[in-house]
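The structure appears below as structure tokens.
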Amino acid sequence: MVKLQGWQVLAIGDTDTPADWLVPGAIFLSTDLQTTFRYRITSLLPYNSYVRKSIGYLFAIQHGAVRIYDADTHSTFLAGGHLGKSFDIELSPRKTLLQYKAKNRTLVNPFIHFGQRSVWPRGLSLTSVPDIAPEFYYDEVSGGNQFIQQGTGNGLPDVDSIFYHTRRLAGEPINIEFDHLAPEVALPRGTMAPVNSLNTLFHEQAFWAMMLPVTVHTAVSDVIRGYWAQRLLWDVGGIVAFYPPSVHRLDTLEGSTFGDEEDLLHDWGQLIDFLKSWHSSKSTFFERVLDLSYEMAKNGFWSGQDLALTVAWLQDLVSVGYKPPKLQPVENTIKGSRQFLPQILKPVYSGVTDAVSVEKEMGHLLKWRSSSANMVLILECDWPRRSNIPVWRMLYGRLFKHVVVISTEADSTLGIDVGGGWQAYSSFPGIFDKYPEAAGFLYLKDHVVFNYWNMQGNNKKLWTMHEVKSSWTVHSFNETGTIWFLKSSIKRTVTKTIYNLPDKLKATYRETMDDTKFIHSSSDFFYIPKRLVDDFKDLASVGVQNKLAHELAMPLFFLAMDRPSQFDSRAFAKVAYVPGGEDPTSHYSIDLNVLYPWTAATEEDLFHIIKALSVGDHLLLAVL
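Numbers given in my numbering equal positions in the sequence shown, counted from 1, plus 408.
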């Protein structure tokens, strides 16, 4: 970054930045130094957040900046450090730009213009993805008012979490290339597209547009800013233009999650419709900025805190000498028209087809996620099938905000925690404490095939295997045999555990079970709601102390936490058990809730499982 010719690099420190951080050629603004500027916005910006870049924007404006380039640290430049080769630095009115025809568009996907028809950017309304076709005829307009210029990036473009997690195989980076020969293209008044903070040039006339909202997740903050700015640009005669790839962005395999973008994953279309219909009669531009910011807070697109931030931001702009643009809602004069046929470049990510069915697929995924997004998945994996872990994370990470993988051995490189085995439940209290806001915790063993599209359980109730006859069996303490849990020592452990239960939980257990019987259950899958977490912690403590095995502890715990009549019978209403030696595919159906056991001992086994699931979830075709 410091090699950019003619540019001064600003580095904005945060609490985790060393105080003596130093890169020759860069100005470093430490957190201590930031407070000395006395900007009004400083007290409104959270620490450990990239929205603190707003302080850097003000610092640059105060010290005479006429252009600000917003960039991502994971990017390398393709033009040898000359931004003038990638953007219109001088805003020459003599230059002619292509512009989408206003009557054809309300929302565009710029990636199509640059050769990738089946890739969509973060912030594009999902329901619009399949409806946006290529443009072949463009208007020609004069340049000079493209005050915000968005560059495209090769490698990992700015895609949303749904694209990232469904269009790649876990562990395989995305590496996409766009057409570097395609001409830049502008948006007319009334047409919008996502604008980010990863490779974006702001001219002085649009410095007001750089404020990053603070009450939405940082994964969407810059895109919300971009839409807010586009609407306001129309009132000062400005436009947004998109440019060919100028950076290569490395995929670090740390894509954002659905939860990160959950603030607006469902609402981009609503935001765009709201902005297009918004009008203001205020007589000055900054008054209109405040007016729109108030209406966005009123309509729930951001909060009152962002409105307060807008007030402070505008006051700071005035304080550092920035002069707001004058109202000038005049559209570019159309000089002519031109044909341009966007290329169709080969997508290089896994298993993608054109986006004709994306709306349906995305709708399904969002529906499934609405049932599971606030749950934590605890996935127990047998050792040493390490190669399966990335695939399970890819599969379930699209649905659950958090996926915790446990096994008998830890592996920090794969994010596997110790916790599986004969007392797997012993690790649950620590997981519960780590995610106190979770609605509940779903536990699965990795040989359980879970048809998540049929998940209809009540997340406030227990889901158990109590109606699965092959897994929930009642035994007498007088029963004898060679099975391990019929040994006298094991039965004494069960009796001792029951005796040591807290009184309230013991009373609940005794409502169902007398002192002559106990239950064995493989307990390969179950769900514990948040309301029973504390009870489970108490029970787990007793079970661990008495060295009670998972298969005997879990049914005992379930009956101690609640009555069977209160368990959710719908959650696992359709379960198929695969007898030993039989082919799981002959038992599998997409109408099931669960099939077990289906062990992925080899990559071929795993392929067959994903293939079976893809009948119900077509997005999984991306990994086949």
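For each residue, glycine too, the CB sits at the ideal point set by N, CA and C.
These numbers were taken from a predicted model, which means no experiment stands behind them.
Beta-carbon spacing of residue 647, residue 717 below 7 Å: For the purposes of this step, residue 647 is taken as the residue at position 239 of the sequence shown. For the purposes of this step, residue 717 is taken as the residue at position 309 of the sequence shown. The answer is no: Cβ separation not under 7 Å.
Cβ pair count under 8 Å reaching 3, the stretch 694–712 against the stretch 633–641: By the criterion of at least three beta-carbon pairs nearer than 8 Å, the stretch 694–712 is in contact with the stretch 633–641.
Closest residue to residue 1026 among 1014, 888, 825, 861 (Cα-Cα distance): As a first step, residue 1026 is located in the sequence shown; it is residue number 618 there, counting from the start. The option with the nearest alpha carbon to residue 1026 is 861.
Endpoints, alpha helix (DSSP H) assigned at residue 518: The residue labelled residue 518 in the question sits at position 110 within the sequence shown. From DSSP, the alpha helix (DSSP H) with residue 518 extends over 518–521.
Supposed close pair residue 548, residue 745 - CB separation, criterion 8 Å: Here the question's residue 548 lines up with position 140 in the sequence shown. Here the question's residue 745 lines up with position 337 in the sequence shown. At roughly 6 Å, the Cβ-Cβ gap stays under 8 Å, so residue 548 and residue 745 are in contact.
Residue 880, DSSP secondary structure in three states: Counting from 1 along the sequence shown, the entry for residue 880 is found at position 472. Correct three-state label for residue 880: strand.
Distance between residue 645 and residue 695 (C-alpha atoms, nearest Å): In the sequence shown, counting from the first residue as 1, residue 695 sits at position 287. In the sequence shown, counting from the first residue as 1, residue 645 sits at position 237. Taking the straight line joining both Cα atoms gives about 16 Å.
Close beta carbons around residue 650, own chain, < 6 Å, minus the five adjacent residues each side: In the sequence shown, the residue the question calls residue 650 occupies position 242. Excluding residues within five positions, the ones whose Cβ falls inside 6 Å are 518, 558, 593.
Contact check, residue 936 vs residue 858, beta carbons under 7 Å: If you number the sequence shown from 1, residue 936 lands on position 528. If you number the sequence shown from 1, residue 858 lands on position 450. No, Cβ-Cβ distance for residue 936 and residue 858 is not below 7 Å.
First and last residue of the uninterrupted beta strand (DSSP E) at residue 850: Counted from its first residue, the sequence shown places residue 850 at position 442. Residues 848–853.
Residue 440 versus residue 725 - alpha carbon distance: As a first step, residue 440 must be located in the sequence shown, where it is residue number 32. As a first step, residue 725 must be located in the sequence shown, where it is residue number 317. In this structure, the alpha-carbon of residue 440 lies about 21 Å from that of residue 725.
Rounded C-alpha distance that separates residue 1019 from residue 826: Here residue 1019 refers to the residue found at position 611 when the sequence shown is read from its first residue. Here residue 826 refers to the residue found at position 418 when the sequence shown is read from its first residue. Each residue's Cα considered, the two are about 30 Å apart.
Spatial distance of residue 866 from residue 971 (CA atoms): Against the sequence shown, residue 866 aligns to sequence position 458. Against the sequence shown, residue 971 aligns to sequence position 563. Put simply, the backbone Cα of residue 866 is about 15 Å away from that of residue 971.
Separation of residue 799 from residue 1011, as counted between CA atoms: For the purposes of this step, residue 1011 is identified with residue 603 of the sequence shown, where counting begins at 1. For the purposes of this step, residue 799 is identified with residue 391 of the sequence shown, where counting begins at 1. Their Cα atoms are separated by approximately 10 Å.
Any 3 or more C-beta pairs closer than 8 Å across the stretch 413–420 and the stretch 477–491: yes
Residue 435 to residue 468 span [Cα, whole Å]: In the sequence shown, the residue the question calls residue 435 occupies position 27. In the sequence shown, the residue the question calls residue 468 occupies position 60. Roughly 10 Å separates the two Cα atoms.
Touch test, the stretch 835–842 against the stretch 873–886, Cβ-Cβ under 8 Å, three pairs minimum: no
Buried versus exposed, by CB contacts within 10 Å (16 or more), residue 507: Here residue 507 refers to the residue found at position 99 of the sequence shown. Buried, since its Cβ has 16 or more Cβ neighbours within 10 Å.
Cα-Cα separation, residue 977 to residue 931: Taking the first residue of the sequence shown as 1, we reach residue 977 at position 569. Taking the first residue of the sequence shown as 1, we reach residue 931 at position 523. Looking at the two C-alpha atoms, the distance is approximately 15 Å.
Straight-line gap, residue 904 to residue 889 (C-alpha atoms, nearest Å): The residue labelled residue 904 in the question sits at position 496 within the sequence shown. The residue labelled residue 889 in the question sits at position 481 within the sequence shown. Taking the CA atoms as reference points, residue 904 sits about 21 Å from residue 889.
Backbone CA spacing between residue 628 and residue 531 [nearest angstrom]: Against the sequence shown, residue 628 aligns to sequence position 220. Against the sequence shown, residue 531 aligns to sequence position 123. So the alpha carbons of these two residues sit roughly 7 Å apart.
Secondary structure, beta strand (DSSP E): runs of 3+ residues fully inside the stretch 593–655: The stretch 593–655 contains, as complete beta strand (DSSP E) runs of 3+ residues, the segments 607–611 (chain order).
Buried versus exposed, by CB contacts within 10 Å (16 or more), residue 871: To locate residue 871, count along the sequence shown from 1; it is residue 463. Buried, because 16 or more other Cβ atoms sit within 10 Å of the Cβ of residue 871.
Counted within 10 angstroms of its Cβ, other Cβ atoms place residue 443 as buried (16 or more) or exposed: Numbered from its first residue, the sequence shown carries residue 443 at position 35. When all chains shown are included, residue 443 counts as exposed.
Extent of the continuous beta strand (DSSP E) to which residue 984 belongs: Residue numbering aside, residue 984 sits at position 576 when the sequence shown is read from its first letter. 983–985 is the extent of the beta strand (DSSP E) around residue 984.
Helix, strand or coil at residue 743 [DSSP, three-state]: What you label residue 743 is simply residue 335 of the sequence shown in a count that begins at 1. Reduced to three states, the DSSP call for residue 743 is strand.
Spatial distance of residue 759 from residue 729 (CA atoms): Stepping through the sequence shown from its first residue, residue 759 is reached at position 351. Stepping through the sequence shown from its first residue, residue 729 is reached at position 321. Residue placement at residue 759 is flagged as unreliable, the pLDDT there being 45, under the threshold of 50; a coordinate-derived value is accordingly withheld.
Own chain partners of residue 1008 with C-beta closer than 6 Å, once the 5 adjacent residues on each side are dropped: Working through the sequence shown from its first residue, we reach residue 1008 at position 600. Residues of the same chain with a CB within less than 6 Å of the CB of residue 1008, apart from the 5 flanking positions on each side, are 796, 1014, 1017 in chain order.
Residue 851, buried or exposed, once every other Cβ within 10 Å from all chains shown has been counted against 16: Taking the sequence shown and counting its residues from 1, the one referred to as residue 851 is at position 443. It is buried - the Cβ of residue 851 has at least 16 other Cβ atoms within 10 Å.
Residue 802 (DSSP reduced to helix, strand or coil): As a first step, residue 802 is located in the sequence shown; it is residue number 394 there, counting from the start. If DSSP states are grouped into helix, strand and coil, residue 802 belongs with the helices.
Validate contact between the stretch 827–836 and the stretch 808–817 using beta carbons, cut 8 Å, 3 pairs: yes
Under the three-state DSSP convention, the category residue 533 falls into: Stepping through the sequence shown from its first residue, residue 533 is reached at position 125. Coil.
N- and C-terminal bounds of the alpha helix (DSSP H) containing residue 1028: Mapped onto the sequence shown, residue 1028 falls at position 620. Counting along the chain, residue 1028 sits inside no alpha helix (DSSP H), nor does DSSP assign it H or E at all.
Helix, strand or coil at residue 559 [DSSP, three-state]: Within the sequence shown, residue 559 is the residue found at index 151, counting from 1. In this structure, residue 559 counts as strand in the three-state DSSP scheme.
Burial state of residue 934, where buried means 16 or more other Cβ atoms lie within 10 Å: Mapped onto the sequence shown, residue 934 falls at position 526. Under this definition residue 934 is a buried residue.
Boundaries (first-last residue) of the beta strand (DSSP E) holding residue 387: Nothing can be reported for residue 387: it is not among the residues displayed for the chain, which extend from 409 to 1032.
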